[in-house]
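> Just remember that this note's numbering sits 44 ahead of the position in the sequence shown, which is counted from 1.
Quick one: this structure, given as structure tokens, is what I'll be asking you about.
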Amino acid sequence: MEEHPAPKVYLTVPCYNEASILRDSMRTLLAKLDTLQTAGLASAESAVLCIDDGSADDTWAIIADAHRQAPERVLGIKLAANCGHQKALLAGLMKAKDEADCAISIDADLQDDIGVLDDFLREYRLGVDIVYGVRSDRSSDSLGKRLSAEGFYHFMAFMGAKVVFNHADYRLMSRRALQALSEYPEVNLFLRGIVPMIGLRQSIVSYVRKPTARKTHYTLKKMLMLAWDGVSSFSIRPIRMISLLGLVIMVVNFLLILWYLHIKWIGAAVPGWTTLVMLVLALSSFQLLGIGLIGEYIGKVYLEVKRRPRYIAEDVLGGKPPTP
Numbered sequence: 045m046e047e048h049p050a051p052k053v054y055l056t057v058p059c060y061n062e063a064s065i066l067r068d069s070m071r072t073l074l075a076k077l078d079t080l081q082t083a084g085l086a087s088a089e090s091a092v093l094c095i096d097d098g099s100a101d102d103t104w105a106i107i108a109d110a111h112r113q114a115p116e117r118v119l120g121i122k123l124a125a126n127c128g129h130q131k132a133l134l135a136g137l138m139k140a141k142d143e144a145d146c147a148i149s150i151d152a153d154l155q156d157d158i159g160v161l162d163d164f165l166r167e168y169r170l171g172v173d174i175v176y177g178v179r180s181d182r183s184s185d186s187l188g189k190r191l192s193a194e195g196f197y198h199f200m201a202f203m204g205a206k207v208v209f210n211h212a213d214y215r216l217m218s219r220r221a222l223q224a225l226s227e228y229p230e231v232n233l234f235l236r237g238i239v240p241m242i243g244l245r246q247s248i249v250s251y252v253r254k255p256t257a258r259k260t261h262y263t264l265k266k267m268l269m270l271a272w273d274g275v276s277s278f279s280i281r282p283i284r285m286i287s288l289l290g291l292v293i294m295v296v297n298f299l300l301i302l303w304y305l306h307i308k309w310i311g312a313a314v315p316g317w318t319t320l321v322m323l324v325l326a327l328s329s330f331q332l333l334g335i336g337l338i339g340e341y342i343g344k345v346y347l348e349v350k351r352r353p354r355y356i357a358e359d360v361l362g363g364k365p366p367t368p
């Protein structure tokens, strides 16, 4: 199989309040780019692209300073507001689509092993369009984090969302894959679900994630919100489950009616208020749950049809602004 030439690579790094670690992370990534270029896996035009997602600290100042020192090797996008990790990452990927041969997304804390970037690029040069970084084990995580992560992936799979198990957002995407990604206009972004839907040639590279004492930006609340975004954006199974449960309750109620009529017919006393109150409360709770679930889906449709921009670039260092 014919190999691709050394590609122009953008290491795409979404940043939110990363001032305490960003300088060290950029030095590490630039040194890694040098290694990749020496090995013939990346071209000399490759760069680190940092996206400031509306940080409240000195993140943008650090990016701007690094760009002044190495204007061709450090690029930056400053979003006008905090749009969230997924939209910040998308902004970087859309800029890479127009300027690079491929993009590799990685978090600013560099917990994901950059040693496997070589393997990512070898896969790319063999014609693979999407390379997923997949954690081979989660032994470095706390018990709570491990259980919540396992539950997240199993829940997503159960609900019918197509995701890669133990993969977050550490991946390589070719220009062709990025172009395909740009065809998905969702406002409610869940890249872990969208990217597998693209198709093309895909492969997996396993790695071990480094532990960190730094507090993660992804709290339990954010993980639950991300899980719900994924399920509600890619599956109608929750609504079908509510419909099925409604059918079961209807059958049970019909049987109870027959039972009450039978008791009344034979002249026995019909059981009193306790059962009746329990049934009313159960049905009311089910109805409210169903209405709330339908409302969530309607709300998502409402946000999609408004066609609001997913991000607005306030400033760009190097090259052109990302396409919307």
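Virtual Cβ for every residue (Gly too), placed ideally from N, Cα, C.
The model shown is predicted, which means the values in this text are computed figures rather than measured ones.
1) For Gly120, which residues does DSSP report across the bridge?
2) Skipping 5 residues on each side, what residues in its chain have a beta carbon closer than 8 angstroms to that of Ala86?
3) Looking at Arg67 and Gln155, is the spacing between their C-beta atoms short of 8 angstroms?
4) Across the region 136-149 and the region 237-244, are there enough close Cβ pairs to call them in contact, namely three or more that are closer than 8 angstroms?
5) What is the rounded straight-line gap between the Cα of Arg352 and the Cα of Trp104?
6) What do you reckon, are the CB atoms on Val249 and Glu167 nearer than 8 angstroms?
7) What does Arg215 pair with, by DSSP beta-bridge criteria?
8) By alpha-carbon positions, which one of Gly128, Leu134, Arg215, Arg112 ends up nearest to Glu227?
9) Identify the residues that DSSP records as bridge partners of Val53: which are they?
10) Pro115: buried (16+ other C-beta within 10 angstroms of its C-beta) or exposed?
11) Is the Cβ-Cβ distance between Pro229 and Ala132 less than 8 angstroms?
12) Tell me whether Ile174 is buried or exposed, calling it buried when 16 or more other Cβ atoms sit within 10 Å of its Cβ.
13) Quick check on Ile106: does DSSP put it in helix, strand or coil?
14) Could you tell me the distance, in whole angstroms, from the CA atom of Arg215 to the CA atom of Gly159?
15) Going by beta carbon distance, what residues of the same chain come within less than 7 angstroms of Ala100, once the five residues before and after it are set aside?
Per the coordinate set shown:
1) Working through the sequence shown from its first residue, we reach residue 120 at position 76. Note: Gly120 is bridge-paired with Cys94, Leu361 in the DSSP secondary-structure output.
2) Residue mapping note: residue 86 aligns to position 42 of the sequence shown, counting from 1. If we look at Ala86 and ignore the five residues flanking it on each side, its Cβ neighbours are Ala50, Pro51, Lys52, Val53, Leu77, Leu80, Leu165.
3) To locate residue 155, count along the sequence shown from 1; it is residue 111. To locate residue 67, count along the sequence shown from 1; it is residue 23. Contact: no.
4) Segments in contact, no.
5) Counting from one through the sequence shown, the residue named residue 352 turns up at place 308. Counting from one through the sequence shown, the residue named residue 104 turns up at place 60. Cα to Cα, Arg352 sits roughly 25 angstroms from Trp104.
6) As a working mapping, residue 249 is identified with position 205 in the sequence shown. As a working mapping, residue 167 is identified with position 123 in the sequence shown. Between Val249 and Glu167, the CB-CB gap stays under 8 angstroms.
7) Taking the sequence shown and counting its residues from 1, the one referred to as residue 215 is at position 171. Its beta-bridge partners are Ser149, Tyr176.
8) Residue mapping note: residue 227 aligns to position 183 of the sequence shown, counting from 1. Per the Cα distances, Leu134.
9) For the purposes of this step, residue 53 is identified with residue 9 of the sequence shown, where counting begins at 1. Per DSSP, Cys146.
10) For this step, residue 115 is matched to residue 71 along the sequence shown. With fewer than 16 Cβ atoms within 10 Å of its Cβ, Pro115 is classed as exposed.
11) Counting from one through the sequence shown, the residue named residue 229 turns up at place 185. Counting from one through the sequence shown, the residue named residue 132 turns up at place 88. If you check the CB distance, Pro229 and Ala132 do not come in under 8 angstroms.
12) Locating residue 174 in the sequence shown gives position 130, counting from the first residue. Buried, since its Cβ has 16 or more Cβ neighbours within 10 Å.
13) Your numbering for residue 106 matches position 62 in the sequence shown. DSSP places Ile106 in helix when its eight states are reduced to three.
14) In the sequence shown, residue 215 corresponds to position 171, counting from 1. In the sequence shown, residue 159 corresponds to position 115, counting from 1. The C-alpha of Gly159 is placed about 13 angstroms away from the C-alpha of Arg215.
15) On the sequence shown, residue 100 is found 56 positions in, with the first residue counted as 1. Within the same chain, Ala100 has close Cβ partners Asn61.
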